[in-house]
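Following: one structure in structure tokens, then a few remarks.
Residue numbers (the working numbering): 1 to 127.
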């Protein structure tokens with residue numbers, strides 16, 4: 001029960017972008033302690049509330065995501081794509097009025113793009 005309670009107290013959003021060169025990223029990283037590394041991820045514990053956070057390994061060609069992890073046993077295999085898609089949708093300010101250009105897709109495009117959320121994500125766009 002205490003784990004659920006402390007997770008609810010965390011002031012950080014469940015998922016966010018982490019841009020290493022920013023002051024905000026440095027501040028967040030100062031609050032974290034590295035616990036483990038696996039695959040292309042790093043697991044951290046937030047010192048203030050004992051919540052656990054997964055961060056994509058540093059790669060200059062990829063967007064890094066900081067995602068709260070509730071189940072430590074599967075932290076390195078947790079599918080955060082729904083959270084990443086929600087960030088992308090928010091970043092693009094929702095959907096436009098046109099239909100996706102992908103054949104047989106009836107979903108609306110993300111604002112300013114030619115593809116829907118799923119097909120934009122599928123193409124590797126993360127921000």
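Even for Gly, the Cβ is constructed at its ideal location relative to N, Cα and C. Being a predicted model, the structure only gives us computed values, none of them experimental.
Status (buried if at least 16 other CB within 10 Å, exposed otherwise) for residue i
i          : result
residue 61 : exposed
residue 35 : exposed
Residues near residue i in its chain [Cβ-Cβ closer than 8 angstroms; skip 5 each side]
i          : result
residue 37 : 43 and 57
residue 83 : 14, 15, 65 and 67
residue 25 : 18 and 19
Residue-level contact to chain B via CB, residue i, 8 angstroms cutoff
i           : result
residue 124 : Chain labels in this structure do not include chain B; a single protein chain is all it has.
Paired residues, beta bridge with residue i - DSSP
i          : result
residue 93 : Residue 93 pairs with nothing; no bridge assigned.
residue 73 : Note: residue 73 sits in no beta bridge, so no partner.
residue 78 : DSSP output for residue 78 lists no bridge partner at all.
residue 53 : 44 and 68
When the options are compared against residue i, the one with the closest alpha-carbon
i          : options              : result
residue 47 : 107, 11 and 71       : 11
residue 33 : 107, 122, 104 and 55 : 55
residue 75 : 95, 45 and 98        : 45
Where the beta strand (DSSP E) through residue i begins and ends
i           : result
residue 15  : 15-17
residue 113 : Counting along the chain, residue 113 falls outside any beta strand (DSSP E), and DSSP gives it neither H nor E.
Sequence-distant residues of the same chain with beta carbon closer than 6 angstroms to residue i, five excluded per side
i          : result
residue 92 : 110 and 111
Heavy atom of the ligand ADP within 7 angstroms of residue i beta-carbon
i          : result
residue 27 : Absence of the ligand ADP from the depicted structure is noted, as is the absence of any ligand whatsoever, leaving it without description.
Beta-carbon contacts of residue i that lie in its chain and below 7 angstroms, excluding the five residues immediately before and after
i          : result
residue 23 : none
First through last residue of the alpha helix (DSSP H) which encompasses residue i
i          : result
residue 34 : Residue 34 -> not in any alpha helix (DSSP H); beta strand (DSSP E) instead, spanning 32-38.
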